[in-house]
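In what follows, a structure is listed as structure tokens, so that the remarks can point back to it.
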Amino acid sequence: MTDDELKQLIASNAKAIEALTNALTQEREERQKKELAWEKDRKGVYELLGRVARGQSDFYATQSDFYHRFDQIDERQAKMTEILNRYLPPESLS
5 MTDDELKQLI ASNAKAIEAL TNALTQEREE RQKKELAWEK DRKGVYELLG
55 RVARGQSDFY ATQSDFYHRF DQIDERQAKM TEILNRYLPP ESLS
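Residues 5 to 98 in our numbering are what the sequence shown lists, from first letter to last.
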């Protein structure tokens with residue numbers, strides 16, 4: 005191999021190494037961008053899950069309050085019926 009051929013081979017290898025290095029650097033940058041986007045999306049999903057959990061909690065609290073009030077209404081109705089039965093015997097209602 006002559007000196008010129010050796011120099012050409014070295015230059016060719018240097019260009020190949022540079023191209024591979026650039027490709028590797030670009031691939032790393034793209035991977036970092038994807039990882040950042042994934043982290044952002046994951047954070048958004050967790051925030052949405054938190055909102056859903058809070059919404060469910062609020063719903064169950066409202067539902068519990070509704071049933072509690074419904075029980076109170078039933079108790080009042082039973083008391084009112086008892087009072088009416090005491091003061092107005094069933095035969096006088098017809």
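All residues carry an ideal CB built from backbone N, CA and C; glycine is no exception.
Note that this is a predicted model, so its numbers are computed, not measured.
| Query | Result |
| --- | --- |
| Put residue 84 into one of helix, strand or coil per three-state DSSP. | helix |
| Alpha carbon to alpha carbon, how far is residue 30 from residue 38? Give it in angstroms, no decimals. | 12 angstroms |
| Where residue 62 and residue 56 are concerned, what is the direct C-alpha to C-alpha distance, given to the nearest angstrom? | 10 angstroms |
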